[in-house]
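Asks:
Number of protein chains: 2
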Amino acid sequence: MAEQKKMVEAITPMEEDFAQWYTDIVKKAELMDYTSVRGCMVIEPYGYAIWENIHDILDRRFKELGHQNVSMPLFIPESLLQKEKDHVEGFAPEVAWVTQGGNEPLQERLCVRPTSETLFCDHYARIIHSWRDLPKLYNQWCSVVRWEKTTRPFLRSVEFHWQEGHTMHETAEEAKAETEQMLRVYAELCENQLAIPVIKGRKTDKEKFAGAEMTYTIEAMMHDGKALQSGTSHYFGDGFARAFDITFQGRDNSICHPYQTSWGLSTRIIGGIIMTHGDNDGLILPPAVAPIQVIIVPVAQHKPGVLEKARELERRLRKTFRVKVDDSDQSPGWKFAQYEMKGVPLRLEIGPKDMEKDQCVLVRRSDRRKTFVPLGGLEQAVAEQLEAVRGGLFQKALERRESMTYSVRTLDEFREAADSKPGFIKAMWCGDPACEEKLRDVAGVSSRCIPFEQEQIADTCVCCGKKAKAMVYWGKAY
Amino acid sequence: MAEQKKMVEAITPMEEDFAQWYTDIVKKAELMDYTSVRGCMVIEPYGYAIWENIHDILDRRFKELGHQNVSMPLFIPESLLQKEKDHVEGFAPEVAWVTQGGNEPLQERLCVRPTSETLFCDHYARIIHSWRDLPKLYNQWCSVVRWEKTTRPFLRSVEFHWQEGHTMHETAEEAKAETEQMLRVYAELCENQLAIPVIKGRKTDKEKFAGAEMTYTIEAMMHDGKALQSGTSHYFGDGFARAFDITFQGRDNSICHPYQTSWGLSTRIIGGIIMTHGDNDGLILPPAVAPIQVIIVPVAQHKPGVLEKARELERRLRKTFRVKVDDSDQSPGWKFAQYEMKGVPLRLEIGPKDMEKDQCVLVRRSDRRKTFVPLGGLEQAVAEQLEAVRGGLFQKALERRESMTYSVRTLDEFREAADSKPGFIKAMWCGDPACEEKLRDVAGVSSRCIPFEQEQIADTCVCCGKKAKAMVYWGKAY
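So the protein lines, in turn, are chains L and S.
In this text, residue positions in the first sequence follow my numbering: the first is 631, and each later residue adds one.
In this text, residue positions in the second sequence follow my numbering: the first is 631, and each later residue adds one.
1) Using the beta-carbon of each residue, which ones in chain L are nearer than 7 Å to residue 756 of chain S?
2) Starting from the C-beta of residue 1024 of chain L, find all residues in its chain whose C-beta is less than 6 Å away, skip the five residues before and the five after it, and write them out in chain order.
3) Looking at the secondary structure, which residues open and close the beta strand (DSSP E) in which residue 664 of chain S lies?
4) Which residues in the same chain as residue 1070 of chain L place their Cβ atom closer than 7 Å to its Cβ, once the five residues preceding and following it in sequence are excluded?
5) Which whole runs of the alpha helix (DSSP H) in the region 875-921 of chain S are 4 residues long or more, in chain order?
6) Run through DSSP, which three-state label would residue 784 of chain L get?
7) With a cut-off of 8 Å on the beta carbons, I'd call residue 1080 of chain L and residue 1057 of chain L a contact; round off their distance for me.
8) CB residue 708 of chain L to CB residue 739 of chain L, shorter than 7 Å?
9) Would you decide whether residue 1007 of chain S is buried or exposed? Buried here means 16 or more other CB atoms lie within 10 Å of its CB.
10) Report all residues from its chain with a CB closer than 7 Å to the CB of residue 828 of chain L; omit the five preceding and five following residues, and keep chain order.
11) Let me know the secondary structure DSSP gives residue 1108 of chain L once reduced to three states.
12) Does the region 775-782 of chain S come close enough to the region 730-747 of chain S to have 3 or more Cβ pairs within less than 8 Å?
13) Once you ignore the five residues that flank residue 1172 of chain S on each side, which residues in its own chain have a CB closer than 8 Å to its CB?
14) What does residue 789 of chain L touch in chain S if you count any residue whose Cβ is under 7 Å from its own?
15) Could you check if residue 695 of chain S is buried or exposed, using at least 16 other CB atoms within 10 Å of its CB as the buried criterion?
16) Would you please state the rounded distance, in angstroms, between the beta carbons of residue 669 of chain L and residue 845 of chain L? I believe it to be under 8 Å.
17) Roughly how many angstroms lie between the CA atoms of residue 908 of chain S and residue 958 of chain L, to the nearest whole one?
18) Per DSSP, which residues does residue 840 of chain L bridge with? Please list them.
19) Do the CB positions of residue 975 of chain S and residue 915 of chain S come within less than 7 Å of each other?
20) Measure from the alpha carbon of residue 800 of chain L to the alpha carbon of each residue in L/950, L/1011, L/761 and L/674, then state which is nearest.
21) Could you list the residues in the region 672-692 of chain L with a C-beta less than 7 Å from some C-beta on chain S, going in chain order?
22) Should residue 1082 of chain S be labelled buried (16 or more other beta-carbon atoms within 10 Å of its own) or exposed?
23) Along the chain, where does the beta strand (DSSP E) that runs through residue 741 of chain S open and close?
24) Is it buried or exposed for residue 884 of chain S, if we count other Cβ within 10 angstroms and need 16 for buried?
25) Can you name, in chain order, every residue of its own chain whose Cβ lies under 6 Å from the Cβ of residue 1001 of chain L, other than the five neighbours on each side?
26) Return yes when the Cβ of residue 783 of chain S is within less than 7 Å of the Cβ of residue 1112 of chain S, no when it is not.
27) Round the Cβ separation of residue 672 of chain S and residue 700 of chain L to the nearest angstrom and send it over; I've been treating them as touching at under 8 Å.
28) Applying the 10 Å Cβ sphere with the 16-neighbour rule, what's the burial state of residue 703 of chain L?
29) Whether or not the region 860-875 of chain S and the region 891-898 of chain S are in contact is what I'm after, with contact meaning three or more pairs of Cβ atoms, one per stretch, closer than 8 Å; do they touch?
30) Using a C-beta cutoff of 7 Å, does residue 729 of chain L count as contacting chain S?
31) In this structure, does DSSP put residue 792 of chain S in helix, strand or coil?
32) Pick from S/1004, S/973, S/999 and S/969: whose alpha carbon is nearest that of residue 988 of chain S?
33) Determine contact between the region 686-695 of chain S and the region 718-727 of chain S, defined as no fewer than three beta-carbon pairs at a distance below 8 Å.
34) Which stretch, first to last residue, makes up the beta strand (DSSP E) that contains residue 773 of chain L?
35) Leaving aside the five residues before and after residue 853 of chain S along the sequence, list all residues of the same chain whose C-beta is less than 8 Å from its C-beta, in chain order.
36) Taking Cβ-Cβ distances shorter than 8 Å, what residues in chain S pair up with residue 740 of chain L?
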């Protein structure tokens, strides 16, 4: 039968071919499927449920902080995109253009939104009049399109899902505080829920968002030592507000421009989860976003009472956890492998012998640790084991990042580290974009961020030897 | 000050100009804003929160019934859209075409999805192999684009939000049962949550969805007697499955085509809420989807203890209801009018005199009925009043529909009803599309549906006098 033919095949070991390992996981854990549309994917139920869980966590947090959801148009007229000079330069080369509606050519081309600053500004210009209208704290959940040439599931695709927050404030200080606050929200999601340690910092001018005065970022390290920019938060000053003629009457009756931020986190983070936690048996999901937190596998399920017991435990656990019984006719071994592939954080085994002892077995996906648990205290034990999975994943990822981060003082050391050791390089920088470009040319790395937590590794720039302004993280990136 | 200048202006009475009344409400209740993009709107926070509440109710119900959310691409390659003949004929004239990506013209045009049958079929062809893979019960929440020439907020726009369910089944019977089940889910949402009575029925061949064998619909009557098609559910047989070469190995090892459904409900229903319940003071929201269910207005709020009491009641009610205190410095009268405009179902007034008596006042938006409530039993009273609002709204809408529905037996009666009485016309029909077209020509109405609940008004077709096959609802429609 077809279902039984579908074996749990081994995936390519990551040491052998990291890119293939990644592709094997996204396909075999049934996170996505390729489509007939270049660079666009189907996010399958199991992958989409992860995104829904991330959505729920962030959406609740945004609302607690006073943000409101809205919906902006999918299209941006060309003239609107062109209003802010730096912004259009950054995005115009990578947008999809609608040129025909029905049977008629359009008088003005529309691009499919690559990001929505221009649309929010167009709206804010109409609705902001007084300091009493501020702040405006809007967010939208949507998909955007960037015409990327080379695409990879979740990491870089022509269409991707995200949320984009766009806020307007009375003062620069308030807007800057919002920019920092939202970066913290992203960092907390990553570290506390997704178990992904991140470095918080500021992008260099070269790497910042098109049109922003300042871009904050959180950077995570993947298994292969490469960086994943996992969320960004931008401060725009009043640049867009001037370009879009957004004004308000201030407390002193003067006419002012508001100060603006935007911030986004995308389905890319699902790629980050895979490449931070996954192993050669498949995906490993942090419990907070796992579509199934506990998979119940009945052992010797044909024996009297086993399936009933499994379902009884499911009913109990369902009140608190996302739980499922697999009562299919596959063997327990097949099921073990299947749910390991899918990264379910906790497996609960229950068979006749366990039932005799009024216990069950809990096995953690992350480290295979097995615990025998009296059924009386099951809920508590599951909660503890899930928390242990989260803590263990975070600790492991943090230790890996520490062990793959190198401080260098000279250009030779920099080159040597970049050539031979995958990971992050910490080095001092003078602030000159020329040095940034030279490091890219000679070592193949980009600046990841100027971290908030600075260290004085040396007094001079690793590249030019002039006085250093800041310590910077460098690395190869997705 | 700007905030105080912003008065609660009266809206155009619906008897004077129904279209303007509608437009006034969507603008003054801050549901949406126009944009620089023709036919596309901003859904503002208050409007979007209504959609989020509808989303939550339906999404929970879909999942209870075993459906899973996915995400399909935004784009459909022209060759994919063309695979099913009737479907492409229906949709090709009203799609937006992407012809350029970045700086390069595309080799094949992509349309922005007007609906996603073709994308789901493309995916299902890859993942359905055995009867064990069925049913597939997928849904997606997204926006779609139809290049409409004349647009109106929520009712007809170039881009609109909806959910589209797309399912595949082993047998025709199962697929038909799914089609019927999902229509029931929509009808329950409308009647039980939105307080909108609907007529469930089948579309005539002329009015059915492009490519469907059968389209079921729920039709609601608006204040002005016009019909709003409020949700549809389609049965496709195996037409698309054949066009897309979707096959599975059946239980008897034969190669079969699966049977398909799709069903959708959109932000159009927000227009339906406005035009079913609203009055000349503004919006009236059914409690189940109202962003604010209870607005607390402190009276004489400068008096000691009033604001504290209002906030205490808010904290109590917040556990069960969506509640807000308006403690701004506007007058109570201004606030009353403002939240009537926004359709908040229940107003809670609390002032020094109420506090002395340990009571508060509850006022229903729907019928202005005022109740004095001892604070001890407040939660219970609020729940009862909200339920009374829902019941009252439904009853009123039902009575209006009944009073504006006319049974006719002859073509003259039909014409007279269509010309002079806004509302629904019930009349017998022979089943011939020629009669349907004639009725449109002579009376300006379309067939709304062949209702599941049939009545034998006469034995002959109201148009041609031949033997009647069914009783049909006719009317003008949005």
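The C-beta atom is built at its ideal place from N, Cα and C for all residues, glycine as well.
Replies: Concretely, from the data shown:
1) If you number the second sequence from 1, residue 756 of chain S lands on position 126. Those within 7 Å of residue 756 of chain S in chain L are 663.
2) To locate residue 1024 of chain L, count along the first sequence from 1; it is residue 394. Here the set comprises 825.
3) In the second sequence, residue 664 of chain S corresponds to position 34, counting from 1. Counting along the chain, the beta strand (DSSP E) containing residue 664 of chain S begins and ends at 662-664.
4) Working through the first sequence from its first residue, we reach residue 1070 of chain L at position 440. So the list reads 1076, once near-sequence residues are dropped.
5) With a minimum length of 4 residues, the continuous alpha helix (DSSP H) runs that stay inside the region 875-921 of chain S are 898-907.
6) One-based indexing of the first sequence puts residue 784 of chain L at position 154. Three-state DSSP puts residue 784 of chain L in coil, outside helix and strand.
7) The sequence position of residue 1080 of chain L within the first sequence is 450, counting from 1. The sequence position of residue 1057 of chain L within the first sequence is 427, counting from 1. Between residue 1057 of chain L and residue 1080 of chain L the Cβ distance is about 12 Å, and since that is not below 8 Å, they are no contact.
8) Position 78 of the first sequence, counting from 1, holds the residue named residue 708 of chain L. Position 109 of the first sequence, counting from 1, holds the residue named residue 739 of chain L. Yes, the Cβ-Cβ distance between residue 708 of chain L and residue 739 of chain L is below 7 Å.
9) Locating residue 1007 of chain S in the second sequence gives position 377, counting from the first residue. Exposed, because fewer than 16 other Cβ atoms sit within 10 Å of the Cβ of residue 1007 of chain S.
10) By one-based count along the first sequence, residue 828 of chain L stands at place 198. Taken in chain order, the residues that qualify are 817, 820, 821, 848, 849, 850 and 860.
11) Numbered from 1 along the first sequence, position 478 holds the residue referred to as residue 1108 of chain L. The answer is coil: DSSP assigns residue 1108 of chain L none of H, G, I, E or B.
12) Enough Cβ pairs lie closer than 8 Å, so yes.
13) Only positions 631 to 1108 of chain S appear in this structure, which leaves residue 1172 of chain S out of reach.
14) Start at 1 with the first residue of the first sequence, and residue 789 of chain L comes out as number 159. Within 7 Å Cβ-Cβ: 703 and 704.
15) By 1-based counting over the second sequence, the position of residue 695 of chain S is 65. It counts as exposed.
16) The residue given as residue 669 of chain L occupies position 39 in the first sequence. The residue given as residue 845 of chain L occupies position 215 in the first sequence. Between residue 845 of chain L and residue 669 of chain L the Cβ distance is about 25 Å, and since that is not below 8 Å, they are no contact.
17) For this step, residue 908 of chain S is matched to residue 278 along the second sequence. For this step, residue 958 of chain L is matched to residue 328 along the first sequence. Going from the Cα of residue 908 of chain S to the Cα of residue 958 of chain L covers about 52 Å.
18) Here residue 840 of chain L refers to the residue found at position 210 when the first sequence is read from its first residue. None; residue 840 of chain L has no bridge partner.
19) The sequence position of residue 975 of chain S within the second sequence is 345, counting from 1. The sequence position of residue 915 of chain S within the second sequence is 285, counting from 1. Their beta carbons are under 7 Å apart, which means residue 975 of chain S touches residue 915 of chain S by this criterion.
20) Here residue 800 of chain L is taken as the residue at index 170 of the first sequence, counted from 1. Measuring from the Cα of residue 800 of chain L, the nearest candidate turns out to be L/761.
21) 672, 673, 674, 675, 678 and 682
22) Position 452 of the second sequence, counted from the start, is the residue given in the question as residue 1082 of chain S. Result: exposed.
23) Sequence index remark: in the second sequence, residue 741 of chain S carries index 111 (1-based). Counting along the chain, the beta strand (DSSP E) containing residue 741 of chain S begins and ends at 734-742.
24) The count along the second sequence starts at 1 and reaches residue 884 of chain S at position 254. The C-beta of residue 884 of chain S has fewer than 16 other C-beta atoms within 10 Å across all chains shown, which makes the residue exposed.
25) For the purposes of this step, residue 1001 of chain L is identified with residue 371 of the first sequence, where counting begins at 1. So the qualifying residues of the chain are 992.
26) This structure does not reach residue 1112 of chain S, given that chain S is present from 631 up to 1108, and the question cannot be answered.
27) Mapped onto the second sequence, residue 672 of chain S falls at position 42. Mapped onto the first sequence, residue 700 of chain L falls at position 70. Approximately 6 Å separates the beta-carbon atoms of residue 672 of chain S and residue 700 of chain L; this is inside 8 Å, confirming the contact.
28) Numbered from its first residue, the first sequence carries residue 703 of chain L at position 73. With 16 or more other Cβ atoms within 10 Å, it is buried.
29) yes
30) Counted from its first residue, the first sequence places residue 729 of chain L at position 99. Yes, residue 729 of chain L counts as interfacial toward chain S.
31) By 1-based counting over the second sequence, the position of residue 792 of chain S is 162. Of the three classes helix, strand and coil, the one that applies to residue 792 of chain S here is strand, per DSSP.
32) What you label residue 988 of chain S is simply residue 358 of the second sequence in a count that begins at 1. Closest by alpha carbon: S/1004.
33) No, because fewer than three Cβ pairs between the region 686-695 of chain S and the region 718-727 of chain S fall closer than 8 Å, the two stretches do not touch.
34) Taking the first residue of the first sequence as position 1, residue 773 of chain L is located at position 143. Residues 766-775.
35) Here residue 853 of chain S is taken as the residue at index 223 of the second sequence, counted from 1. Hits under 8 Å: 644, 648, 905, 906, 908 and 1030.
36) In the first sequence, the residue the question calls residue 740 of chain L occupies position 110. In chain order: 667 and 726.
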